[in-house]
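Numbering (full-length UniProt numbering), first residue to last: 1 to 325. Cβ atoms here follow ideal geometry from the backbone N, Cα and C, with glycine treated the same way. Model, not experiment: these values are computed from the prediction. What follows is a set of notes on a single structure, which appears directly below.
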């Protein structure tokens, strides 16, 4: 049986036991008749036991007063314990949010801390109540303490959740920042390794020197057959696709122009990954040792997966392109 219900039943029983005689059932001792020498009338005589019952009001039992005192004392102890717990919680929260690596104090967390502080003020007020009020509410102390504990428990759960989310967000931002820094550093190192390949930028099909070298496309309507054949070759994929298309001819027959037209077509479809146009007029375009490094450099700009694989090789041996394998 709940504590509060036990107290209520005990109160009811004690009230019944201490009720005045006027409210008792009509089962008094029969009245006796005596003859007075001075009068011939009969006067009813009340037994002494019943007279004391009628004339003397009954007081509450001593046991009930002791029980009230015990309940009040118990409530005071519970309020004192609760107050101590709340003060300890607030001190821990203050230390937690004012430390060197403390999480951010958001408006939501600040509001929850204020709610806990309000509970502490409530407990202090309950402790300071008058003795009369504590007597009247002697059985309600445990319920009030339990309700306060439950409210504070809910506040702490919400503070923990808010703190976790805030800390998680801050950690994610820090990790993201570190990843960006690492990415930038790695990207800078990768660019440094790629630049070490010493690619020939003048050998690009559409480089700034292309005009000086008189590179250009075929005249519209010419070389239709060979260009169609080369486009078909470039579009084939799979194991049956040829890796090399051999274009030969005498000097001045238009090999450079045909290759330039093919590169322009592939570039328009974003299929061109690299090009190297040799020329006797530019030293860096006639150095055959720069062909592979230049094509590797362009492939790394086009494909991230190739770039990662190339970077791994150059990280282990940055000068690999300068040696005969």
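Item, Value
"Exposure label - residue 38; buried when at least 16 CB within 10 Å", "At residue 38 the pLDDT is 41, less than 50, meaning the model places this residue with poor confidence and gives no usable figure here."
"Span of the alpha helix (DSSP H), counted from its first residue to its last, around residue 314", "304-316"
"Endpoints, the alpha helix (DSSP H) within which residue 233 is located", "224-235"
"Integer Cβ distance of residue 116 from residue 89, believed to fall under 8 Å", "6 Å"
"Beta-carbon proximity list for residue 311, same chain, < 7 Å, skipping 5 on both sides", "190, 193"
"Rounded Cβ spacing between residue 286 and residue 279 (contact assumed at less than 8 Å)", "6 Å"
"Distance between residue 187 and residue 177 (C-alpha atoms, nearest Å)", "15 Å"
"For residue 199, the nearest candidate out of 290, 308, 272, 283 (CA to CA)", "290"
"Closest by C-alpha distance to residue 228, when choosing among 157, 150, 265", "265"
"Where the alpha helix (DSSP H) through residue 322 begins and ends", "Where residue 322 is concerned, there is no enclosing alpha helix (DSSP H), given that its DSSP letter is neither H nor E."
"Collapsed DSSP secondary structure at residue 216 in the structure displayed", "coil"
"Inter-residue Cα distance where the pair is residue 293 and residue 258", "24 Å"
"Nearest-angstrom beta carbon gap, residue 218 and residue 268 [assumed within contact, 8 Å]", "That pair is no contact at about 15 Å."
"With 16 other Cβ atoms within 10 Å as the buried cut-off, status of residue 27", "Unreliable placement is indicated for residue 27, whose pLDDT of 39 sits below 50; no coordinate value is reported for it."
"Within 8 Å, strictly: CB atoms of residue 213 and residue 272", "no"
"Residue closest to residue 210, alpha-carbon to alpha-carbon, out of 231, 275, 244", "275"
"Backbone secondary structure at residue 199 - three-state DSSP", "coil"
"Distance between residue 154 and residue 315 (C-alpha atoms, nearest Å)", "55 Å"
"Residue 244 beta carbon near the ligand PLP (any heavy atom closer than 7 Å)", "The model on display carries no ligand, and the ligand PLP is accordingly not part of it."
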